[in-house]
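This report concerns only the one structure given below.
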Amino acid sequence: MRPRTRKPGTTLLCVGSILFLSLTAPALAIDAPETINIDVMSKFYGPVTFDHAMHVDYASCEECHHHTTGEIVADPNCARCHTHHDAKTVVSCSKCHVADRFNQEYISKLEDPELYHLDKPGLKGAYHLNCVSCHVTTSGPTGCVDCHALTEAGEKLYRTGAFTPETKTASGKEH
Amino acid sequence: MKFMEKLSRRRFLKSGLAATAAATVIKNTDSKASGNFEGYPDGMGVLVDLTRCVGCRSCEAACNKEQGLPEPEKPFNDFSVFDELHHGQKRRTDETAYTVVNRFDMPDFDHPIFKKFQCNHCNEPACLTSCFVNAYTKTPEGAVIYNADVCVGCRTCMIACPFYVPTFKYSSAFSPRIMKCIFCYDTRLKLGKAPACVEVCPQEALSFGKRSDCISMGRQRIRQNPGKYVDHIYGEHEVGGTSWMYISSVDFDKVGMDTTLPKEPILNSVKDFLAIVPMVLTIWPALFTGFHLLATLKDKVMEMEMEEKRKEKEGQA
Ligand code: SF4
Ligand code: SF4
Numbered sequence: 462m463r464p465r466t467r468k469p470g471t472t473l474l475c476v477g478s479i480l481f482l483s484l485t486a487p488a489l490a491i492d493a494p495e496t497i498n499i500d501v502m503s504k505f506y507g508p509v510t511f512d513h514a515m516h517v518d519y520a521s522c523e524e525c526h527h528h529t530t531g532e533i534v535a536d537p538n539c540a541r542c543h544t545h546h547d548a549k550t551v552v553s554c555s556k557c558h559v560a561d562r563f564n565q566e567y568i569s570k571l572e573d574p575e576l577y578h579l580d581k582p583g584l585k586g587a588y589h590l591n592c593v594s595c596h597v598t599t600s601g602p603t604g605c606v607d608c609h610a611l612t613e614a615g616e617k618l619y620r621t622g623a624f625t626p627e628t629k630t631a632s633g634k635e636h
Numbered sequence: 008m009k010f011m012e013k014l015s016r017r018r019f020l021k022s023g024l025a026a027t028a029a030a031t032v033i034k035n036t037d038s039k040a041s042g043n044f045e046g047y048p049d050g051m052g053v054l055v056d057l058t059r060c061v062g063c064r065s066c067e068a069a070c071n072k073e074q075g076l077p078e079p080e081k082p083f084n085d086f087s088v089f090d091e092l093h094h095g096q097k098r099r100t101d102e103t104a105y106t107v108v109n110r111f112d113m114p115d116f117d118h119p120i121f122k123k124f125q126c127n128h129c130n131e132p133a134c135l136t137s138c139f140v141n142a143y144t145k146t147p148e149g150a151v152i153y154n155a156d157v158c159v160g161c162r163t164c165m166i167a168c169p170f171y172v173p174t175f176k177y178s179s180a181f182s183p184r185i186m187k188c189i190f191c192y193d194t195r196l197k198l199g200k201a202p203a204c205v206e207v208c209p210q211e212a213l214s215f216g217k218r219s220d221c222i223s224m225g226r227q228r229i230r231q232n233p234g235k236y237v238d239h240i241y242g243e244h245e246v247g248g249t250s251w252m253y254i255s256s257v258d259f260d261k262v263g264m265d266t267t268l269p270k271e272p273i274l275n276s277v278k279d280f281l282a283i284v285p286m287v288l289t290i291w292p293a294l295f296t297g298f299h300l301l302a303t304l305k306d307k308v309m310e311m312e313m314e315e316k317r318k319e320k321e322g323q324a
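These protein sequences, in sequence, are chains A and B.
Add 461 to the 1-based position in the first sequence for my numbering, that's all there is to it.
Add 7 to the 1-based position in the second sequence for my numbering, that's all there is to it.
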C-alpha cells in the first residue's frame, strides 16, 4: 500500500520523536540520548525503541522540537509568537503533548477563549503525525508493524494472528 | 436536481404517512423538532480530518470490540477490503459494522484519501423526527441513541436519514433492532469519555470535544495550513448541523459525500406530521392497522429509493 523501503541503517524503530529527553540546545547531539524507549502508551502495540542518534541525520532539531531547542523556528504558525528561540530546559514531547488528550479536564480547558493552542495534538497523535508524514516523504517505514509489533491484545483487537476469523462462507453477507 | 427528487419522494412519503395517521390522531402542536435548533450548547462532537487518516482501520476494530459486534469476515488489518465493491458500491455501515473506512483514489494526488464514516449524530436527526414511536433520542451530550423496546420495525428512519445510516437486524422478526453508531453513549460518552474509535486512532484524525470547540479547531486548522484544506467544515451546517464533522483536502463530493444537502434539517417539511408523534403511544392499538399499511408503503418507497440510488450510481459510473 505504501512505500516500505528502508534506508540502510534504519533500525526497526520509528514512531517516536523524543520522549523523556532533557537537553540543552548547544550541546544537542552530544547530550541527546542515543535511543529512547517509548512505552507510555503501549497497549495494542509494543513499545518503540527510538533511535534518536540516527534520526538526527534525517531531520533538524526544530522539525520535531518546534521552538524548544534553540534553532530558528521553522513552522510559521509557531514563529508568530515564539520569536525568542532560546533553548528551553525541557524539550521532551510528553511535556507538552498529553497522552490522555481527550479527558474531560483537558477538553474543558480548550474552552478558554484566550487559548491559542486549542488544536495541539495529544502524544500519540503528535508522534504519528510527525513521524508518518516525514516517513512518507523520505521513504521511511510506514506500515504499523514496521515500527512496533502487535501485542496479544492488539492481535485480539484486529482479529489477526491467532485471532484471525475462520473463513466464512454460508453466513457471508451481502451489503 | 437529485435533491429535488429526493424531497419529492419524501413529500410523497409524508402525505402517505399523514393520510394513514391523521384519521385517528388529533394534531399536537407541541412539536419536538423546533426548526432552528442549534444543537445542545454543551453537546460533544468529533472533527474528522481526512488529511490525517491513513486507513489503518483501527477505528473499525475498536468499534467492533466496544459494541460487541459480530466477528468480521477479514481481520481489521486486512486492507483488501478497500478494493471490495458491493453492488458497485464501496463498503457501507451496516448491522455488523457501525463505522467503515473507505479508500478514494485521487487521480491528481500521489496518495489516496481515506474516509471514516459512521452516524453523524445530527442536531435535528431525520431518523428521530421521522420515527412514530419516539424510538430515537438526541441526548444533551450529542449522541443519537435509540430504544429497541419501542421500535416497531417500520424502517422509516432508514429512508429518512440523509446519510443512509440506520440498518436493521432482522434476526428476529418480532424484535426488530436498529443498528447504528450510538457515539459509544452507554459505555463512554455518558461518562464524559471519548468514543472508542477516537481513542484508538493513531493519527488523531478524529478529534473529540465540545461541538463548538471542534468547529473552532477545524477553522484554525484550515486557516493555519493555507492551501491544504477545502475551506469548509462538512456538517457545520449540513442538514441543520451534525455532531460529527469533516475537513478535507479534496472536495467532499470526491469522497462520496452528498454536497447537495440543504442547510435545514431534512425533515423540516414534515414537521406538522411529526407533531403527532407523542400521541401515538396513547392510542397505540388504534394505530396498528396504520402501521401495517405504513410498513407496506415503506417497502415500496424504499424499493423506489434503492432503485434510484442504483440508477444514480450507474449514471455516475
Ligand atoms: S446521520 Fe442519520 S441516523 Fe445518524 S442522527 Fe442523522 S439522521 Fe439519524
Ligand atoms: S483509526 Fe484513524 S487513521 Fe486509522 S483508519 Fe480510523 S480514522 Fe483513519
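Note that CB positions come from ideal geometry on N, CA and C, so glycine has one too.
Since the structure is predicted, the reported quantities are computational estimates derived from the model, not experimental observations.
| Check | Outcome |
| --- | --- |
| DSSP state of G216(B) mapped onto helix, strand, coil | strand |
| Buried or exposed by the 16-neighbour rule on C-beta atoms within 10 Å, applied to K504(A) | exposed |
| Within 8 Å of chain A by C-beta, residues of the region 245–273 of chain B in sequence order | none |
| Which listed residue (C204(B), H128(B), P114(B) and D115(B)) has its alpha carbon closest to that of V108(B) | C204(B) |
| Straight-line gap, L14(B) to S594(A) (C-alpha atoms, nearest Å) | Residue placement at L14(B) is flagged as unreliable, the pLDDT there being 42, under the threshold of 50; the coordinate-derived value follows with that caveat. When rounded, the distance between both Cα atoms is 43 Å. |
| Cβ-based burial, V509(A) [other Cβ within 10 Å; buried from 16] | buried |
| Contact list for T625(A) against chain B, beta-carbon separation under 8 Å | P82 |
| Counted within 10 angstroms of its Cβ, other Cβ atoms place H94(B) as buried (16 or more) or exposed | exposed |
| S255(B) Cβ short of 8 Å to ligand 2 heavy atom set | no |
| Chain-order list of residues whose beta-carbon lies under 8 Å from that of P292(B) (same chain, five-residue window excluded) | Low local confidence applies: a pLDDT of 47 at P292(B) is under 50, so the model's placement there is unreliable, with the coordinate-based value given in what follows. The answer is none, since no qualifying residue turns up. |
| Where R226(B) falls: helix, strand or coil (DSSP) | helix |
| Members of the region 510–542 of chain A near chain C, C-beta cut-off 7 Å | Reference to chain C is not applicable here, since the protein chains of this structure are A and B. |
| Interface residues of the region 221–238 of chain B facing chain A [CB-CB below 9 Å] | S223, M224, G225, Q227, R228, Q231 and N232 |
| Same chain only: Cβ atoms within 8 Å of D258(B), ignoring 5 sequence neighbours per side | V237 and T266 |
| Any non-hydrogen atom of ligand 2 closer than 8 Å to K123(B) Cβ | yes |
| Cross-chain neighbours of D580(A) in chain B, by beta carbon under 7 Å | M224, Q227 and R228 |
| Cα-Cα separation between T496(A) and C608(A), rounded to whole angstroms | 14 Å |
| Proximity test, Cβ basis, 9 Å: T621(A) and chain B | yes |
| Same chain, Cβ closer than 8 Å to V501(A), five either side skipped, listed in chain order | L480, S555, A560 and L584 |
| Rounded straight-line distance, which links the Cα of G247(B) to that of E524(A) | 41 Å |
| Beta-carbon proximity check, T106(B) vs C161(B), cutoff 9 Å | no |
| Beta-ladder partner(s) of G52(B), from DSSP | G216(B) |
| Beta-carbon neighbours of Q210(B), restricted to chain A and to distances below 8 Å | G586, H589, L590 and V593 |
| E67(B) CB to nearest heavy atom of ligand 2 below 8 Å | yes |
| Chain B contact residues for I459(A), given Cβ-Cβ distances below 8 Å | This structure cannot settle anything about residue 459(A), because the visible part of chain A is limited to 462 through 636. |
| Expected contact under 8 Å - CB spacing of G62(B) and R110(B) to nearest Å | 6 Å |
| Sub-9 Å separation of K122(B) and V262(B) beta-carbons | yes |
| Straight-line gap, H545(A) to P169(B) (C-alpha atoms, nearest Å) | 51 Å |
| Chain B contact residues for G507(A), given Cβ-Cβ distances below 9 Å | Under the 9 Å cutoff, chain B gives no residues; its nearest Cβ is about 14 Å from G507(A). |
| K197(B) versus R317(B): straight-line alpha-carbon distance, rounded | 39 Å |
| C221(B) versus K97(B): straight-line alpha-carbon distance, rounded | 28 Å |
| Residues from the region 173–203 of chain B in contact with chain A, defined by Cβ distance under 7 Å | G199 and A201 |
| C554(A): contacting residues in chain B (beta-carbon distance under 8 Å) | Within chain B, no residue comes near C554(A); the closest Cβ sits about 14 Å away, beyond 8 Å. |
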